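S.K.:
2 protein chains.
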Amino acid sequence: MQRYTGQKRILVAVDCIIFGFDGWNLKLLLVQRAIEPEKDKFSLMGGFIQPSESPDDAANRVLEYRTGLKNVYMDQFHVFGKPERDPVERTLSIAYYALIDIHQYEKQINDEFHAEWFLLNDLPELIFDHAEMVKLAKKQLMYKAALHPILFQLLPEKFTIPQLQSLYEGVFQTQFDDRNFSRKLLSTGLLVKQPEKDKQSSKKGAFYYKLDQSQYKENFESFLNLVPNPDKFF
Amino acid sequence: MQRYTGQKRILVAVDCIIFGFDGWNLKLLLVQRAIEPEKDKFSLMGGFIQPSESPDDAANRVLEYRTGLKNVYMDQFHVFGKPERDPVERTLSIAYYALIDIHQYEKQINDEFHAEWFLLNDLPELIFDHAEMVKLAKKQLMYKAALHPILFQLLPEKFTIPQLQSLYEGVFQTQFDDRNFSRKLLSTGLLVKQPEKDKQSSKKGAFYYKLDQSQYKENFESFLNLVPNPDKFF
DNA sequence: ACAAAAGTGTTGTTTTTACACCCATGC
DNA sequence: GCATGGGTGTAAAAACAACACTTTTGT
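Residue numbers (our numbering), protein chains in the order written: chain A, 205 to 438; chain B, 205 to 438.
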């Protein structure tokens, strides 16, 4: 096989920032690192790109291996590549964030890999530049979520509007007016009301909704503006 | 030096999609490829990442080498990494788009490297997956320019509002209402009116403006909405 | 005087916000 | 019957779009 000569090849990894939502709080899935250096510290889910894989393939493989989940929503958002970012050897990392419904996640795999959910606001110390990755991932998630309805990916098939609102409030770290939020949301035409209510969080109960999949796909690329004064956040 | 064992290292390049604006049209700077395969076809400005460089460093080096320009506005926007994208050898490419004031560009370097400006709507055939890169770069540029005042980077220090408008119209491939556009723009407080007028494009002449640098930095991260109905474009 | 482009004014419409109030239910 | 969220109504404010009209100046 032909090659480009005189060029140095570099190790390339993918790292996944896995966001989950349990109905109240936003969380991140981390693993305890099994090898030196920085053994036992926590790290993002990562792995090296294999010769036959595209970066997207690699990210999906890593995610499936760690969580058992396929067909998860993921966005490639940045390459981290300072020469000294990994002390062992120069490694580039292509970072993805993934959005998963936390209840789909199978607990047993969790134990096998020493994986754990952490509150997004209370993370342990992370290896290398992973804290920086998480910071940028949060920002990118806010950015995209302010304009496109991606946060639905974090919820189960049926969910209530108050649940969705607390998810948005978690992502944007603010409170929204509940009345306006639910009206805006319903006016998007993305939701299909279900006959049942969720009675857990209030006496009156909140109706469940499902996503209208065809509307969702159609509107995905449009701006939505569910978030008031998005300026504030950037 | 310690190394990760059993992992394959990959060649990593950067490619720059260089946008320029000459006062009327949006253009792209391309070079004629000097080596086989696909010799003499046109390609983006690219180069391999060196051991001591971050991807950003590499992109800046490539840009300076090809155009002589430093401190240019650039955004890393995507990694292209299909295993077969470069037929010579597997190569990942980290893609950047750059925005330069076309008049700052020094013509002589142009000739040396067989670099040429092409109208964005009339590009020659490109090597590998470079056409796909350009397509995504255009989309990303629209996306960012709809929300942040980055297009100023394509203009000289002093410019007129009609010039800026035709730049926006080039990027979004539509016509905007001139009255509303100029009013919106002035209301941002980003512009400082200059005493002189540009008389080239009309009898009346249009006042020159400069960017208020401190306002610019402050508002850079806010949403601006100079573009009506941004939904339409995504 | 006229043409051609710059740019200001005006107005009706839509979107957004803020907040009052009613609703359903478990205790 | 009352406390607790859930959800609808309404009205003021702000942003936006459409378009008429004035201004400037080279020919």
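All residues carry an ideal CB built from backbone N, CA and C; glycine is no exception. Note that the structure is predicted; figures quoted are calculated from it, not measured.
Residue range of the alpha helix (DSSP H) that Glu400 (chain A) falls in?
M.R.: Position 196 of the first sequence, counting from 1, holds the residue named residue 400 (chain A). Taken as a continuous stretch (DSSP letters only), Glu400 (chain A) belongs to no alpha helix (DSSP H), being part of the beta strand (DSSP E) at Leu395 to Asp402.
S.K.: How is the alpha helix (DSSP H) around Phe376 (chain A) delimited, first residue to last?
M.R.: Here residue 376 (chain A) corresponds to residue number 172 of the first sequence, with the count starting at 1. That run of the alpha helix (DSSP H) goes Ile365 to Phe376.
S.K.: Kindly list the residues whose CB is nearer than 7 Å to the CB of His282 (chain A), restricted to its own chain and excluding five residues on each side of it in sequence; keep chain order.
M.R.: One-based indexing of the first sequence puts residue 282 (chain A) at position 78. Same-chain partners within the cutoff: Ala299 and Leu340.
S.K.: Does the separation of the CB atoms of Leu324 (chain A) and Phe223 (chain A) fall below 9 Å?
M.R.: Taking the first residue of the first sequence as position 1, residue 324 (chain A) is located at position 120. Taking the first residue of the first sequence as position 1, residue 223 (chain A) is located at position 19. Yes, they are a contact pair.
S.K.: Could you name the residues of chain B that Ile354 (chain A) contacts, counting a contact when the two beta carbons are closer than 9 Å?
M.R.: Taking the first residue of the first sequence as 1, we reach residue 354 (chain A) at position 150. Simply none; closest approach about 13 Å.
S.K.: Quick check for students: name the residue ranges of the alpha helix (DSSP H) that lie wholly in the segment 222–307 of chain A, counting only runs of 4 or more.
M.R.: Segments of the alpha helix (DSSP H) lying fully in the segment 222–307 of chain A: 259–271.
S.K.: With a cut-off of 9 Å, does the C-beta of Tyr208 (chain A) fall near any C-beta of chain B?
M.R.: The count along the first sequence starts at 1 and reaches residue 208 (chain A) at position 4. Closer than 9 Å: yes.
S.K.: Indicate whether Val276 (chain A) and Phe252 (chain A) have their beta-carbon atoms separated by less than 9 Å.
M.R.: Along the first sequence, read from residue 1 onward, the residue named residue 276 (chain A) stands at position 72. Along the first sequence, read from residue 1 onward, the residue named residue 252 (chain A) stands at position 48. No, Cβ-Cβ distance for Val276 (chain A) and Phe252 (chain A) is not below 9 Å.
S.K.: Quick check: what's the CA-CA separation for Ile306 (chain A) versus Cys220 (chain A)?
M.R.: In the first sequence, the residue the question calls residue 306 (chain A) occupies position 102. In the first sequence, the residue the question calls residue 220 (chain A) occupies position 16. Rounded to the nearest angstrom, the two C-alpha atoms are 15 Å apart.
S.K.: Give me the residue from A:Ser256, A:Gln404 and A:Lys243 with the minimum Cα distance to Gln211 (chain B).
M.R.: Stepping through the second sequence from its first residue, residue 211 (chain B) is reached at position 7. Residue A:Ser256 is the option with its Cα nearest to Gln211 (chain B).
S.K.: Return the residue from the list B:Glu400, B:Ala335, B:Glu288 and B:Lys286 that minimises the CA-CA distance to Phe247 (chain B).
M.R.: Counting from one through the second sequence, the residue named residue 247 (chain B) turns up at place 43. As written in the sequence, residue 247 (chain B) is Ser, which differs from the Phe given in the question. That would be B:Ala335, whose Cα lies nearest to the Cα of Ser247 (chain B).
S.K.: Lys286 (chain B) versus chain A: which residues are under 7 Å apart at the beta carbon?
M.R.: The residue labelled residue 286 (chain B) in the question sits at position 82 within the second sequence. Neighbours of Lys286 (chain B) on chain A, chain order: Ser258.
S.K.: For the beta strand (DSSP E) that contains Tyr413 (chain B), what are its first and last residues?
M.R.: Residue mapping note: residue 413 (chain B) aligns to position 209 of the second sequence, counting from 1. Per DSSP, Tyr413 (chain B) belongs to the beta strand (DSSP E) from Ala410 to Leu415.
S.K.: Which one of A:Asp226, A:Arg207 and A:Leu234 has the shortest CA to CA distance from Met337 (chain A)?
M.R.: The residue labelled residue 337 (chain A) in the question sits at position 133 within the first sequence. If we check each option's Cα against that of Met337 (chain A), A:Leu234 comes out closest.
S.K.: From A:Tyr208, A:Asp402, A:Glu329 and A:Phe380, pick the residue whose C-alpha is nearest to that of Lys362 (chain A); which is it?
M.R.: Position 158 of the first sequence, counted from the first residue, corresponds to residue 362 (chain A). Checking every option, the nearest Cα to that of Lys362 (chain A) belongs to A:Asp402.
S.K.: Can you tell which of A:Tyr269, A:Lys397, A:Thr364 and A:Tyr372 has its C-alpha closest to the C-alpha of Ser405 (chain A)?
M.R.: As a working mapping, residue 405 (chain A) is identified with position 201 in the first sequence. Out of A:Tyr269, A:Lys397, A:Thr364 and A:Tyr372, A:Thr364 has the C-alpha closest to the C-alpha of Ser405 (chain A).
S.K.: Do Arg270 (chain A) and Phe332 (chain A) come within 9 Å of each other at the CB atom, strictly closer than that value?
M.R.: For the purposes of this step, residue 332 (chain A) is identified with residue 128 of the first sequence, where counting begins at 1. For the purposes of this step, residue 270 (chain A) is identified with residue 66 of the first sequence, where counting begins at 1. No, they are not a contact pair.
S.K.: Quick check on Glu204 (chain B) - is its C-beta less than 9 Å from some C-beta in chain A?
M.R.: Any property of residue 204 (chain B) remains undetermined from this structure, which presents chain B solely from 205 to 438.
S.K.: Assign Lys421 (chain B) to buried or exposed, taking buried as 16 or more other Cβ atoms, counted over all protein chains shown, within 10 Å of its Cβ.
M.R.: Position 217 of the second sequence, counting from 1, holds the residue named residue 421 (chain B). It counts as exposed.
S.K.: Can you tell me whether DSSP reads Leu351 (chain B) as helix, strand or coil?
M.R.: Translated into the one-based positions of the second sequence, residue 351 (chain B) becomes position 147. Coil at Leu351 (chain B), not helix or strand.
S.K.: Give me the chain B residues within the contact set of Phe380 (chain A), using Cβ-Cβ distance strictly less than 9 Å, ordered along the chain.
M.R.: On the first sequence, position 176 is the one that residue 380 (chain A) refers to. By Cβ distance, chain B contributes nothing, its closest Cβ being about 17 Å from Phe380 (chain A), past 9 Å.
S.K.: Does the beta carbon of Glu336 (chain B) come closer than 9 Å to any beta carbon on chain A?
M.R.: Here residue 336 (chain B) is taken as the residue at index 132 of the second sequence, counted from 1. Output row for Glu336 (chain B): interface = no.
S.K.: Just to confirm before moving on: does the CB-CB distance between Pro328 (chain A) and Lys397 (chain A) stay below 9 Å?
M.R.: Looking up residue 328 (chain A) in the first sequence gives position 124. Looking up residue 397 (chain A) in the first sequence gives position 193. It is not a contact, given that the beta carbons lie outside the stated cut-off.
S.K.: Near Ile214 (chain B), which residues of its chain fall below 8 Å by C-beta distance, leaving aside the five closest residues on each side in sequence?
M.R.: Here the question's residue 214 (chain B) lines up with position 10 in the second sequence. Cβ neighbours of Ile214 (chain B) beyond the five flanking positions: Arg294, Thr295 and Leu296.
S.K.: DSSP three-state label for Leu358 (chain B), please.
M.R.: Position 154 of the second sequence, counted from the first residue, corresponds to residue 358 (chain B). In this structure, Leu358 (chain B) counts as helix in the three-state DSSP scheme.
S.K.: In the DSSP assignment, the beta strand (DSSP E) including Leu323 (chain B) goes from what residue to what residue?
M.R.: To locate residue 323 (chain B), count along the second sequence from 1; it is residue 119. Here the beta strand (DSSP E) through Leu323 (chain B) covers Ala319 to Leu323.
S.K.: Quick check on DSSP: helix, strand or coil for Leu215 (chain A)?
M.R.: As a position in the first sequence, residue 215 (chain A) is number 11, starting the count at 1. Of the three classes helix, strand and coil, the one that applies to Leu215 (chain A) here is strand, per DSSP.
S.K.: Report the neighbours of Glu400 (chain A) on chain B: residues whose CB is nearer than 9 Å to its CB, in chain order.
M.R.: The residue given as residue 400 (chain A) occupies position 196 in the first sequence. Chain B residues near Glu400 (chain A): none, gap ~33 Å exceeds 9 Å.
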